[in-house]
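Listed in order, the protein sequences are those of chains A and B. Position one of the first sequence corresponds to residue 0 (numbering that gives the first Met the number 0), numbered consecutively onward. Position one of the second sequence corresponds to residue 0 (numbering that gives the first Met the number 0), numbered consecutively onward. All C-beta atoms in this analysis are idealised placements derived from N, C-alpha and C, irrespective of residue type, glycine included. What follows is a single structure, written as structure tokens, with notes after it.
2 protein chains.
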Amino acid sequence: MTANSRIWTAALIVIGDEILSGRTHDKNIAQVASWLQVQGIRLHEVRVVSDDMDAIAEAVNILRARNDYLFTTGGIGPTHDDITVDAVAGALEVPVVVHPEARAILEKHYETRGGLTEARLRMARVPEGADLIPNRMSGAPGIHVGNIFLMAGVPHITAGMLDALTGTLEGGAPLISETIGCWVAESEVADILREVEKAHPGCQIGSYPFFREGQVGANFVIRTTEKAELQSAVDTLCDALGTAGHDFTPGGI
Amino acid sequence: MTANSRIWTAALIVIGDEILSGRTHDKNIAQVASWLQVQGIRLHEVRVVSDDMDAIAEAVNILRARNDYLFTTGGIGPTHDDITVDAVAGALEVPVVVHPEARAILEKHYETRGGLTEARLRMARVPEGADLIPNRMSGAPGIHVGNIFLMAGVPHITAGMLDALTGTLEGGAPLISETIGCWVAESEVADILREVEKAHPGCQIGSYPFFREGQVGANFVIRTTEKAELQSAVDTLCDALGTAGHDFTPGGI
């Protein structure tokens with residue numbers, strides 16, 4: 000196995016009753032997924048769990064063991080429902096401690112904002128042994144402990160933390176993809192898709208139907224880590240669609 | 000325990016590589032969550048898994064056992080990457096069979112659309128013992144087997160299937176909620192929120208910070224099944240915020 004063929008995986012735990020109640024539409028799954036692709040890391044599984052110590056700890060222990068990296072979003076703020084740090088420390092069986100650098104960051108951030116209260120000091124608490132993830136958007140940093148990265152739930156703060164982590168994680172070859180769109184019911188070309196995928200073992204082909212302007216269509220997405228293999232699969236699929244009499248749109252519809 | 004105090008729970012499995020790659024932004028978590036609230040059922044956990052038999056089957060067996068209901072979205076179409084039916088049948092250890100009514104629905108649907116091909120017939124396959132969930136948007140029905148409901152991944156088709164299920168599932172008292180918005184850093188009122196929640200054991204209070212127009216604010220959402228308890232918690236929270244000198248906006252910001 001070459002360095003490039005090792006597949007690096009990650010899992011994500013989205014923490015928060017507001018997602019499970021439908022009140023808040025999650026934006027972090029897509030943003031973490033897209034960011035991981037660029038790092039050469041595959042998002043393998045996502046769980047959305049409630050603000051519950053046991054639920055978080057269970058997910059943490061299962062997912063950190065079977066992935067190279069585990070990310071969490073949500074539950075690291077100053078209020079009583081922010082329990083991610085305690086749940087992760089519990090899962091790791093380490094105590095929660097105040098991180099001196101986090102405390103200094105918060106002291107500075109709140110200097111002109113009413114000072115560092117006990118509630119705000121909660122955001123300096125980390126599982127013992129943790130480093131910080133810089134937060135350029137607001138005061139409280141994210142937390143890195145072992146292979147776990149605890150990030151904020153507010154999407155633009157999460158984005159800043161991901162940005163700070165860019166290029167710092169070891170990954171494999173990034174997954175590359177090409178999309179081919181076609182105004183056809185996917186059921187009409189199911190055999191073609193299956194055959195092209197079978198002929199290109201390094202590629203996965205996904206079929207994503209849509210209904211627009213009263214017409215059915217589908218986008219076919221070919222994913223692989225190998226550039227030559229991708230081009231070959233694209234060519235084979237376009238040939239097969241053309242031969243079967245279907246117009247197709249490289250790049251997708 | 001009265002009939003009303005029994006809490007009914009559901010889990011959701013979102014199936015599809017397109018969500019995990021970041022290509023498609025999931026809309027089904029929020030729509031299933033909101034629909035369940037109205038049915039008096041709490042969404043307890045969500046998992047997003049790839050188009051992989053073992054990953055789907057593992058999630059199905061864990062989540063169907065520990066919830067009253069399990070919903071899935073995605074992977075019930077006609078193409079090679081649509082493997083939800085096979086994975087669920089595998090998890091239940093029952094064979095996959097062609098459902099005669101589903102076959103008849105598809106025959107009729109495709110009568111004027113090129114006929115029922117082998118690929119299209121895949122959408123009539125169900126785990127043995129299953130019923131159908133009507134699909135008024137497109138041909139292929141959803142599938143109900145045991146406490147599991149397999150639905151389409153395309154959000155407007157999912158919506159139609161949820162609509163068909165409305166009122167058919169036993170649930171408890173719906174969770175009701177009130178939101179109070181405040182232009183304040185949540186860290187300033189963390190103690191108030193904790194105290195109000197502690198004084199109202201039937202209520203959960205969530206705090207959802209935001210940054211808008213250069214200002215920080217937060218919405219506080221109180222959730223409970225008891226109307227009187229909700230009003231009492233709202234009154235207590237508003238009093239406490241007012242006493243502490245914070246303007247608040249009933250209904251949220």
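Just checking my contact of valine 174 of chain B with glutamine 36 of chain B at CB under 8 Å: how many whole Å lie between their CB atoms? As a first step, residue 174 of chain B is located in the second sequence; it is residue number 175 there, counting from the start. As a first step, residue 36 of chain B is located in the second sequence; it is residue number 37 there, counting from the start. According to the sequence as given, residue 174 of chain B is leucine; it is not valine. Right, their Cβ atoms sit about 6 Å apart.
Determine, for glycine 73 of chain B, whether the minimum Cβ-Cβ distance to residues of chain A falls below 8 Å. Stepping through the second sequence from its first residue, residue 73 of chain B is reached at position 74. Not a single C-beta of chain A is nearer than 8 Å to the C-beta of glycine 73 of chain B.
Reducing DSSP to helix, strand and coil, say where valine 188 of chain A ends up. Indexing the first sequence from 1 puts residue 188 of chain A at position 189. Looking at valine 188 of chain A - three-state DSSP - the assignment turns out to be coil, as it is neither helix nor strand.
Use the C-beta contact count for threonine 72 of chain B: other C-beta atoms within 10 angstroms, 16 or more gives buried, fewer gives exposed. Position 73 of the second sequence, counted from the first residue, corresponds to residue 72 of chain B. Label assigned to threonine 72 of chain B: buried.
Leucine 69 of chain B CB to nearest chain A CB: under 8 Å? Stepping through the second sequence from its first residue, residue 69 of chain B is reached at position 70. With a threshold of 8 Å between beta carbons, leucine 69 of chain B makes no contact with chain A.
Between the segment 147 to 163 of chain A and the segment 206 to 219 of chain A, are three or more C-beta pairs nearer than 8 Å? With the cut-off at 8 Å, the segment 147 to 163 of chain A and the segment 206 to 219 of chain A do not touch.
Could you check which residue in B:Gly15, B:Asp67, B:Ala32, B:Gly251 has the C-alpha nearest to that of aspartate 51 of chain B? Position 52 of the second sequence, counted from the start, is the residue given in the question as residue 51 of chain B. The alpha carbon of aspartate 51 of chain B has as its nearest neighbour, out of B:Gly15, B:Asp67, B:Ala32, B:Gly251, the alpha carbon of B:Gly15.
Quickly, what does DSSP pair glutamate 177 of chain A with across the bridge? List them, please. Residue 177 of chain A sits at position 178 when you count from the first residue of the first sequence. BP columns for glutamate 177 of chain A point to A:Ile221.
Contact set for alanine 184 of chain B: own chain, Cβ-Cβ below 7 Å, skip 5 residues either direction: By one-based count along the second sequence, residue 184 of chain B stands at place 185. The residues are Val215.
For chain B, find out if any of its Cβ atoms is closer than 8 Å to the Cβ of histidine 43 of chain A; answer yes or no. Along the first sequence, read from residue 1 onward, the residue named residue 43 of chain A stands at position 44. Under the 8 Å criterion on CB atoms, histidine 43 of chain A is classed as interfacial with respect to chain B.
How is glycine 256 of chain A classed by DSSP in three states: helix, strand or coil? Absent from the structure is residue 256 of chain A, since the part of chain A shown begins at 0 and ends at 252.
Contact check, leucine 229 of chain A vs glutamate 177 of chain A under 8 Å by CB: the rounded distance? Your numbering for residue 229 of chain A matches position 230 in the first sequence. Your numbering for residue 177 of chain A matches position 178 in the first sequence. That pair is a contact at about 6 Å.
Valine 256 of chain B (DSSP reduced to helix, strand or coil): Given a span of 0 to 252 for chain B in the structure shown, any question on residue 256 of chain B remains unanswerable.
Histidine 257 of chain A burial status per 10 Å Cβ neighbour count (16 or more: buried): The shown model of chain A, from 0 to 252, leaves out residue 257 of chain A, and the question about it has no answer.
Beta carbon proximity, leucine 297 of chain B to chain A, threshold 8 Å: Since the first residue of chain B shown is 0 and the last is 252, residue 297 of chain B is not available in this structure.
Assigned exposure category for serine 4 of chain A - 16 Cβ within 10 Å defines buried: The count along the first sequence starts at 1 and reaches residue 4 of chain A at position 5. Serine 4 of chain A comes out exposed.
Would proline 77 of chain B and isoleucine 179 of chain B be called neighbours here (beta carbons separated by less than 8 Å)? Mapped onto the second sequence, residue 77 of chain B falls at position 78. Mapped onto the second sequence, residue 179 of chain B falls at position 180. At least 8 Å separates the beta-carbon of proline 77 of chain B from that of isoleucine 179 of chain B.
Whole-angstrom Cβ separation of alanine 58 of chain A and arginine 46 of chain A, contact assumed at under 8 Å? Translated into positions along the first sequence, residue 58 of chain A becomes position 59. Translated into positions along the first sequence, residue 46 of chain A becomes position 47. Here alanine 58 of chain A really is in contact with arginine 46 of chain A; their C-beta atoms are around 5 Å apart, less than 8 Å.
Neighbour flag for alanine 2 of chain B against chain A, beta carbons, 8 Å: Sequence index remark: in the second sequence, residue 2 of chain B carries index 3 (1-based). Caution applies to alanine 2 of chain B, whose pLDDT of 45 falls short of 50 and renders its modelled position unreliable; the value that the coordinates give is listed next. Judged by the 8 Å Cβ criterion, alanine 2 of chain B is not in contact with chain A.
Which residues of chain A have a Cβ atom closer than 9 Å to the Cβ of aspartate 319 of chain B, listed in chain order? Residue 319 of chain B falls outside the range modelled here, since chain B spans only 0 to 252, and no answer is possible.
What is the DSSP secondary structure of isoleucine 156 of chain B, reduced to helix, strand or coil? Position 157 of the second sequence, counted from the start, is the residue given in the question as residue 156 of chain B. When secondary structure is reduced to three states using DSSP, isoleucine 156 of chain B falls in the helix class.
Quick check: histidine 98 of chain B and asparagine 66 of chain B, are their CB atoms within less than 8 Å of each other? To locate residue 98 of chain B, count along the second sequence from 1; it is residue 99. To locate residue 66 of chain B, count along the second sequence from 1; it is residue 67. For histidine 98 of chain B and asparagine 66 of chain B, no; Cβs fall outside 8 Å.
Residue range of the beta strand (DSSP E) that includes leucine 229 of chain B: One-based indexing of the second sequence puts residue 229 of chain B at position 230. Where leucine 229 of chain B is concerned, there is no enclosing beta strand (DSSP E), although the alpha helix (DSSP H) around it starts and stops at 226 to 242.
Answer with buried or exposed for proline 200 of chain A, where buried requires no fewer than 16 other C-beta atoms within 10 angstroms of its C-beta. Walking along the first sequence from the start, residue 200 of chain A turns up at place 201. Proline 200 of chain A sits exposed, since fewer than 16 C-beta atoms from the chains shown fall within 10 Å of its C-beta.
Given a cut-off of 8 Å on the beta-carbon distance, is the pair alanine 198 of chain A and histidine 79 of chain B in contact? For the purposes of this step, residue 198 of chain A is identified with residue 199 of the first sequence, where counting begins at 1. For the purposes of this step, residue 79 of chain B is identified with residue 80 of the second sequence, where counting begins at 1. Contact: no.
Given this structure, state the Cα-to-Cα distance separating glutamate 92 of chain A from glutamate 117 of chain B, to the nearest angstrom. By 1-based counting over the first sequence, the position of residue 92 of chain A is 93. By 1-based counting over the second sequence, the position of residue 117 of chain B is 118. Each residue's Cα considered, the two are about 54 Å apart.
Select from the segment 19 to 39 of chain B all residues with a C-beta closer than 9 Å to any C-beta belonging to chain A, and list them in chain order. Those would be Leu19, Ser20, Gly21, Arg22, Thr23, His24, Asp25, Lys26, Ile28, Ala29, Gln30, Val31, Ala32, Ser33, Trp34, Leu35, Gln36, in chain order.
Hey, quick one: how far does the beta strand (DSSP E) through alanine 9 of chain A stretch, first residue to last? Numbered from its first residue, the first sequence carries residue 9 of chain A at position 10. In the DSSP annotation of this structure, the continuous segment of the beta strand (DSSP E) that includes alanine 9 of chain A starts and ends at 7 to 14.
Residue burial classification, arginine 135 of chain A (beta-carbon count within 10 angstroms, cutoff 16): The residue you call residue 135 of chain A lines up with position 136 of the first sequence. It is exposed - the Cβ of arginine 135 of chain A has fewer than 16 other Cβ atoms within 10 Å.
For a test of the three-state rule: what should DSSP assign to glutamate 110 of chain B, helix, strand or coil? Position 111 of the second sequence holds residue 110 of chain B. Coil, per DSSP.
Please go through the same chain and pick out, in chain order, the residues whose beta-carbon is closer than 7 Å to the beta-carbon of tryptophan 34 of chain A, but skip the five residues on each side of it. For the purposes of this step, residue 34 of chain A is taken as the residue at position 35 of the first sequence. Answer for tryptophan 34 of chain A: Leu161, listed in chain order.
Cross-strand partners of proline 208 of chain A (DSSP beta bridge): As a working note, residue 208 of chain A is residue 209 in the first sequence. Bridge partners of proline 208 of chain A: A:Ala217.
For valine 220 of chain B, which residues in chain A fall below 9 Å Cβ to Cβ? Against the second sequence, residue 220 of chain B aligns to sequence position 221. Per Cβ cutoff of 9 Å: Asp16, Glu17, Ser20, Arg22.
Sorted by chain position, which residues of the same chain lie with C-beta nearer than 8 Å to leucine 120 of chain B's C-beta, five sequence neighbours on each side aside? Here the question's residue 120 of chain B lines up with position 121 in the second sequence. If we look at leucine 120 of chain B and ignore the five residues flanking it on each side, its Cβ neighbours are Val97, Arg102, Leu105.
For alanine 139 of chain A, which option in A:Leu192, A:Gly145, A:Asp130, A:Leu236 has the closest C-alpha, if you only look at C-alpha atoms? Start at 1 with the first residue of the first sequence, and residue 139 of chain A comes out as number 140. Taking only the C-alpha atoms, the option nearest alanine 139 of chain A is A:Asp130.
Is it right to say arginine 112 of chain B is buried, meaning 16 or more other beta carbons lie within 10 angstroms of its own, or is it exposed? Along the second sequence, read from residue 1 onward, the residue named residue 112 of chain B stands at position 113. Looking at its Cβ environment, which holds fewer than 16 other Cβ atoms inside 10 Å, arginine 112 of chain B is exposed.
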